[in-house]
Ligand SMILES: [Ca+2]
Ligand SMILES: [Ca+2]
Ligand SMILES: [Ca+2]
Ligand SMILES: [Ca+2]
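Residue numbers (full-length UniProt numbering): 1 to 308.
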């Protein structure tokens, strides 16, 4: 029976071959490695959480005597490997524990799968038994990040009297978690009558959001709206982020100045001096800014009593 070549180019022997060749183990063992996948663990477990046992998972006890097994020592093959800093190992039992909080988002941002790989050596204090154990551990996501917008509020200017159906882009939220734990839905909280939200989900799980104006806005009736846009993830206990959307309805010059009366009548004595005030009149304009600046001028000259 020949050893088979593993993915990393090293040779590994089938277990049944190893069992019947225990006596040859000492001479063969130094060239062997074993790959093990420990059970997935959720991120953010407290320090000291049990992860798995390298000795039992690698079945080393099945290929050496109990006496030799009791002399084994388990160590990280490369203590300088950053991945190994996440774990501690009991040198005698081969039990692995977390040594710090493992944050999936720091380790595997934007990756669907988060797998940590490192090597452990199993060596005997008394014999030259040496086995390299290639360990893989999947870190699963928990919903520990809420959707967040990159700002608390935004202001959008929309001209009044706009055509119905006009859309304005809205920013989307970011959630560093994975899959269902990332942003799944958007909503306008207590949507104000003239507005609705359009949500397009793209193939890459990103969203394109736009605010839709459903009815013409009249600045002279209401010049400001405040909406609350929420982004929710799909966690078992969903987390939500909010964005306040201020809408300024900007003015169009859609109102003419209106005099306080339809007609003003003044009489003047023929002895009135130049510059004498005959009376006052005024007009108002519902628009804003320059659209409400009123200039007065006489466009119809007075006629004399004979109409000339
Ligand atoms: Ca995390
Ligand atoms: Ca989340
Ligand atoms: Ca997470
Ligand atoms: Ca106006």
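Yeah, the Cβ is synthetic: ideal placement off N, Cα and C, and Gly gets one too.
Integer Cβ distance of residue i from residue j, believed to fall under 8 Å
i, j, result
"residue 181", "residue 141", "5 Å"
"residue 193", "residue 215", "7 Å"
"residue 177", "residue 143", "6 Å"
"residue 92", "residue 123", "Going by Cβ atoms, the distance from residue 92 to residue 123 rounds to 12 Å, so no, they are not a contact pair."
"residue 279", "residue 266", "4 Å"
"residue 313", "residue 244", "Absent from the structure is residue 313, since the part of the chain shown begins at 1 and ends at 308."
Close-in-space but distant-in-sequence residues of the same chain around residue i (CB under 6 Å, 5 per side omitted)
i, result
"residue 291", "251, 253"
"residue 208", "200"
"residue 231", "147, 173, 183, 186, 241"
"residue 288", "251"
"residue 298", "none"
"residue 106", "none"
"residue 222", "none"
Candidates the options: closest to residue i by CA position
i, options, result
"residue 218", "278, 161, 82, 67", "161"
"residue 38", "177, 44, 109, 116", "116"
"residue 137", "41, 70, 144, 189", "41"
"residue 88", "82, 48, 55, 126", "48"
"residue 127", "202, 263, 64", "64"
"residue 206", "110, 69, 44, 57", "110"
"residue 56", "70, 44, 45, 46", "70"
"residue 34", "51, 52, 58", "58"
"residue 293", "45, 98, 278, 257", "257"
"residue 52", "94, 62, 84, 81", "94"
"residue 261", "77, 281, 236, 66", "281"
"residue 188", "229, 175, 131", "229"
Opening and closing residue of the alpha helix (DSSP H) in which residue i lies
i, result
"residue 56", "54 to 57"
"residue 66", "66 to 69"
"residue 104", "104 to 107"
Beta strand (DSSP E) segment containing residue i, residue limits
i, result
"residue 72", "72 to 76"
"residue 200", "195 to 201"
"residue 118", "115 to 124"
"residue 241", "240 to 250"
"residue 37", "33 to 42"
"residue 136", "130 to 140"
"residue 159", "153 to 159"
Counterpart residues of residue i in DSSP-defined beta bridges
i, result
"residue 209", "170, 199"
"residue 98", "87"
"residue 330", "This structure does not reach residue 330, given that the chain is present from 1 up to 308, and the question cannot be answered."
"residue 259", "283"
"residue 148", "174"
Close beta carbons around residue i, own chain, < 8 Å, minus the five adjacent residues each side
i, result
"residue 295", "none"
"residue 75", "89, 91, 120, 121, 123"
"residue 45", "98, 101, 102"
"residue 85", "99, 100"
"residue 78", "84, 118, 119"
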